[in-house]
Amino acid sequence: MPQPQGKSYRLEEKGRASVDEFENQDTRQNNSRQQNSSTEEPPSSQESASAASVQSGSPIPERCIIEVTGLPDGASEDLYENQDTCRNNSRQRNSSTEEPSSSQESASAASVQSESPIPEHCIIEVTGLPDGASEDLVTNYFENVRRSKGGPVSSVVMTPELRKCLVTFESPDDAERTINHSSHVLSGARLQVSLFVEEDESADEFGENEGEDQDLDEEDSITIIVSDIPSSTSEDAVTFYFENSRRSGGGDVSEIHYKDSGEAVITFSEVKDLQRLLEEPHKIDGQIITVIRQPPLKKVPLDPLRLHVQGLSVTTSKDCLSFYLEKFADVEVEEVYLGVKNNALAVFESEPEVTSYSRKHRSSCVLIEKLVSSLCQNLYTVNYTRGNITVLHILSISDFESLLHKVNKDKKGLEGKKPRLERVPVCSCILVTGLKRESSDHTIDLYFDNEKRSGGRDVSRVERIRKDQALDLVTNYFENAKRSKGGPVSSVVMTPELRKCLVTFESPDDAERTINHSSHVLSGEKLQVSLFVEEDESAVEFDENKGEDEDLDKEGGITIVASGILSSTSKDTVILYFENSRRSGGGDVFDVHYNDKGEAVITFSEVKDLQRLLEGPHKIDDRIITVVRQPPPKKVPLDPLRLHVQGISKTTTKDCLSFYLEKFAEVAVEEVYLGFKDNALAVFESEPDFESLLQKVNNDKKGLEGKKPRIERVPVCSCILVTGLKRESTDHTIDLYFDNEKRSGGRDVSRVERIRKDQALVHFEDHTSVQDVIARGQREAHKIDGVELEVMPYYPFLENAASKRMEVTFDPDIYKYIKVHHKSELQTLLEKYSVEAELSDGSILIISPADSKCDTSWEEGAESFKSFLFNFKKSEISVPSEIFDEVSKRWQLQCSSQGTANFLLSFDNHRGLAVILGKKTVVEQEEEKLKELMTEVKQDSELMKSVVEVVETNYSSSRLTLLEMSGLCNKLADEYRHLSINVDSVGEKLCFKGPRKNIQEVKLEVVTFISKIIERTTEQPTGIIDVLRQQHVSIFIQELFEKKSIQAVILLDQGRNSNEVQVVGVDAKNAKEAEAILQDSLKEKSIHLKPENTQVINSHEWKDFQLSMTSNFKVGIAVDASVSNVWISGITDDVDNCSDQVQKFLEKNTIFHNVVQVEEGTARFIATLWEKKLEAIKGELSNCYVDMRVTSDYTGIEVSGTAEGMAKTLQDVDA
């Protein structure tokens, strides 16, 4: 059994935690090629969940996901506000635990640097390194001219916690070529490469020069805040103004962005006249604007008690994390606050002790980072910026650094994850909840700025943050094709603590365009965008045996552990690979089995080349696998007080066995533990003479109660049985608790074996831990997750309820089906019979009692539970490949029409099987149905071998039209599955395609139908023919036939005369009745026109009226050539209604003329004095188009208008 090298590992850590760990940077650069790169971190849990959510459910098209890093503050709630500080101090970080071999080496390294300074522009900064990137990997990449365009590298300084490094080339030309190279990809991660410029440390001495106006002009970058800018002013206008140094005093603008308040934040790369910029008035678009300089960010001291932990598992509990941190720290953890992003805040009871050291001409500067605001899902926050803020510049380093270093070096990790620790600054922000919606930010500001009311003071800002603000910002940006070249986004998974996210596009083309876009800027921050490639989880498995001394080569029975094997790789493939000594270095394989992690444990009876086996690279099914040697189990000493007694009678009591053993031994028996297999464990008060005792018992002929006892020494117990655990308590939590000597008395846990949900076996490397844990439990009860535990030594030969189990060979597919589709029934029976069931080693189902204190009656419940399980069945039916697809298709159609099924049937195309899962009776029924379906498909398959095509051309278009409209062809096609009938009435063709036998049967039925068809011809006026051509009229006639159950159609343009209408019926009766209905349904009517109507007929009003009538009625309206009649043709009822409408229209719109004779004097009198009266009459009758005027010879009055208007006008004139 493999034993983790926990103890030796801790000794190594203690040896490294020395003063010399903090060598100056110059020495570390020369020794950078010797750095230990084993501290790479696994991907964060959020990144892993994202990959699962994508992969489950609907599949995402390949290459649709991009990874975006460098998100702006508003989009990511930055963890690291002081990125400049991180960069300035990156070369001061302790990235290596290697020490120079001697002081001479150190001196030599120093002299090399002092005599040969690094040429300018030789150092590049590389960010975005892949997890697990080592110094060798980076060096090899940048020395590969073909891949990176680089060259010889003199040193690499790694900063793995920030996934970045500094690479120093021997030549500045190599550095320049590397920077100008278009793309750098390392282990699937896209790197960001830039020239490293070390800033002047004297200019960054924590505000020593702050307030000195004369020094401001020489600073590298000036940032100003501009307010009162008109809303209509564009960003370009603002940029152009401040780049005009003659007008504004500014210079080149490197960045500009707008705050929510509308203020512009402008950063200059160069300022021509700082005094002019800050003091003189400015005006843009006629508006006076205000310019103030943005003050530098203030430094915040680190919290002496709090630590931020990232990269946790979602199952990690507070206790689990506490035990883990206390494993490496000298003080206890007082409280743990779990975050919502797989992180936590740990609070220690006291500040870790300070370890002082001195370093000539060197000082350690405290790294200041931003408080992790992502721990809280805050809605309202108030930040304090003034107060007792101290910038530390010290000559010592706290024990936090030791803790960070130990955790970073820990290979075992925490519940399969690699935690990442970081110091946090003193909190200057509070969370305020319960505010009213109408409470303004200013009200909140004033309250917390009032020391008398709230105790607070100096509020810097009040911030209300919508939870979905960042998500919306990123989504909107990448869906904006103009700005990002992207497109529709299906999902965005944010990782704000790392300032990154995963964006999934609906189309891979959008993702590719986005990646190839030259620059992405969001809220003033430049983004790094790359294609997301999910990393192999096996690459971050913690290798506990790595580095094991190779001193076991001569031992027989070599055992290795192979990890990273694909789940689809068969055991035979693994055996064949490792028995191929030429490829693997292995030999004859004696045994292969898989452990709980899915790793293959392989034991050889012979190994051909051990060095090749253990060191050479291995690949199976194109997957790189890792091979480590499993060390032999440690030899355990024999227990000086305990003896295992076997073969005793079931009636033997403790006293009886004690008296029997004391008969031969010279010491008393202190305790006897009876087992369940006619055995017992005897504990003596002091060490007896075991050799003499064994000989005496062996020579005893009398025996014990008719039995011959057999006794044997037992090894010292190195395992305890823990009972009473919570179900949610993880194995890792148990491991950490019993590995914490301060809490449990134990240490060096080798493994935890969960035998039931409330019980576990804890194995120790050192057997003395068992007695220490037991003794500690006698003084104070052991507790995990708030529950008291029962702890006792565990001897596997003393079977009890904890070890009672029933192993049943059971098909794992059936059990998985039961768990999914009969979950409720399964859970009910487990509770009823008080048992637990767990599938182990593929096809072994372990049934055990749920209560650790149960008696032997639990077996009855287990047998009943077994009966329930064996009521289910899996049936595999072979389906021939030639009919496999058709059988699958028909079965799915059949199941979809039947609704929910109480079984599961799946088709395995690879093996050519149909697999049915369910209860036995149901499965047997479905077997019969499937076999019937297969027989049917086989018959159809044989039938399809005789498929032919037959075309008939001896039928008229009218008969084929009626055949097509009758629906007979569709009916026959449904009845004969493999037959198709195509009717071409225009080309007068009838086509049959299908099996010859089916065509013969169908053709007979079609011919019979056509032979009964009768055609009748009737003549109709041209107006009627035109109306029948209208689609809605022909549909109306057809609906009349259907209402009368008449099977007939009417056809036009089928005879010699264009006025002929052909009535086609399925028989003589139907044809005759159809003709009668047609005659009764149609009508033509004429309206005689007067000469006065001619003007109306030619008007636009008439055309609009005519169009309205033909649209609303099933009629046609036509005027004959002589304009003497209006003909209305169509459906009888519509013709009558339309005729009335036409007559009314003509009466209303026809203009008549008349002259009323009067005497000349009267006419002149009317023309002179009654002019206004005539106009009044015309106005009253304007709707009748009335017009009146005196004739030119004054002999009468001309009157015109409609009939109604004329009648009214003449009455007025006569009056």
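In the working numbering, the protein residues as written are 1 to 1215. Ideal Cβ positions, reconstructed from N, Cα and C, are used throughout, including at glycine. Computed from a predicted structure; not experimentally measured.
Item: Find the nearest neighbour of V68 within the set K341, T239 and L502, judged by alpha-carbon distance.; Value: L502
Item: Taking just the CA atoms, how far does I814 sit from R190?; Value: 45 Å
Item: Counting C-beta neighbours from all protein chains within 10 Å, is the total for Q1062 16 or more, i.e. buried, or is it exposed?; Value: buried
Item: Which complete alpha helix (DSSP H) runs does the stretch 1085-1135 hold, if anything under 4 residues is left out?; Value: 1093-1097 and 1100-1112
Item: Cβ atoms of I847 and M792: under 9 Å apart, would you say?; Value: no
Item: With distances taken from CA atoms, which of V492, E263 and G455 is nearest L473?; Value: V492
Item: Output the boundary residues of the alpha helix (DSSP H) element that contains A775.; Value: T768 to R779
Item: If we call anything under 9 Å between Cβ atoms a contact, is F1165 one with V1135?; Value: no
Item: For the stretch 398-455, which segments carrying the alpha helix (DSSP H) assignment without a break, of at least 4 residues, lie completely within its bounds, in sequence order?; Value: 399-409, 441-448 and 451-454
Item: Select from V291, V314, H282 and V331 the residue whose C-alpha is nearest the C-alpha of R306.; Value: V331
Item: May I ask you to report which of helix, strand or coil DSSP gives N1057?; Value: coil
Item: Could you compute how far the alpha carbon of I1128 sits from the alpha carbon of I1087?; Value: 8 Å
Item: From the DSSP secondary-structure annotation, give me the bridge partner or partners of E723.; Value: The residue asked about is misnamed: residue 723 is Thr in this sequence, not Glu. Bridge partners of T723: Q759 and E790.
Item: Just to confirm, is the Cβ distance from S957 to L1052 under 9 Å?; Value: no
Item: When every heavy atom of the ligand ZN is checked, does at least one fall within less than 8 Å of the C-beta of F328?; Value: The ligand ZN is absent from the structure shown, which contains no ligand whatsoever.
Item: By how many angstroms is the C-alpha of L312 removed from the C-alpha of G132?; Value: 17 Å
Item: Output yes if chain B places a C-beta closer than 9 Å to the C-beta of G151; else output no.; Value: Of the protein chains in this structure there is only one, and it is not chain B.
Item: Count the other CB atoms, across all protein chains shown, that sit within 10 Å of the CB of D974; report buried if there are 16 or more and exposed otherwise.; Value: exposed
Item: Checking 9 Å against the spacing of the C-beta atoms, do I916 and L933 come in under that value?; Value: no
Item: Could you tell me the distance, in whole angstroms, from the CA atom of M1206 to the CA atom of G1116?; Value: 32 Å
Item: Sort F810, R582, A850 and V193 by Cα distance to Q827 and report the nearest one.; Value: A850
Item: Just checking my contact of T223 with T290 at CB under 8 Å: how many whole Å lie between their CB atoms?; Value: Not a contact, Cβ separation roughly 15 Å.
Item: So what does DSSP say about A901, is it helix, strand or coil?; Value: coil
Item: Can Q287 and D228 be called in contact, C-beta distance under 9 Å?; Value: yes
Item: Have a look at D739, I648, R727 and K677 and flag the residue whose alpha-carbon is nearest the alpha-carbon of R710.; Value: I648
Item: What is the DSSP secondary structure of V667, counted as helix, strand or coil?; Value: coil
Item: For I256, I'd like the list of residues in its chain whose CB is within less than 8 Å of its CB, leaving aside the five on either flank, ordered along the chain.; Value: E235, V238, T239, A264, V265, I266, T267 and G524
Item: Do you know whose CA, among P419, E415 and F400, lies nearest N408's CA?; Value: P419
Item: Enumerated in chain order, which unbroken segments of the alpha helix (DSSP H) with a length of 4 residues or greater are wholly contained in the stretch 252-292?; Value: 274-279
Item: On the DSSP bridge list, what partners appear for R623?; Value: I620
Item: To the nearest angstrom, how far is the alpha carbon of L446 from that of S231?; Value: 29 Å
Item: If you run the structure through DSSP and keep just helix, strand and coil, what is E831?; Value: helix
Item: Quick check on R977: does DSSP put it in helix, strand or coil?; Value: coil
Item: Can you give me the Cβ contacts of Q1031 inside the same chain, cut-off strictly under 7 Å, excluding the 5 residues immediately before and after it?; Value: none
Item: S350: buried (16+ other C-beta within 10 angstroms of its C-beta) or exposed?; Value: exposed
Item: Based on DSSP bridge pairs, tell me the residues matched to C1217.; Value: Residue 1217 lies beyond the residue range present for the chain, which begins at 1 and ends at 1215; the question has no answer from this structure.
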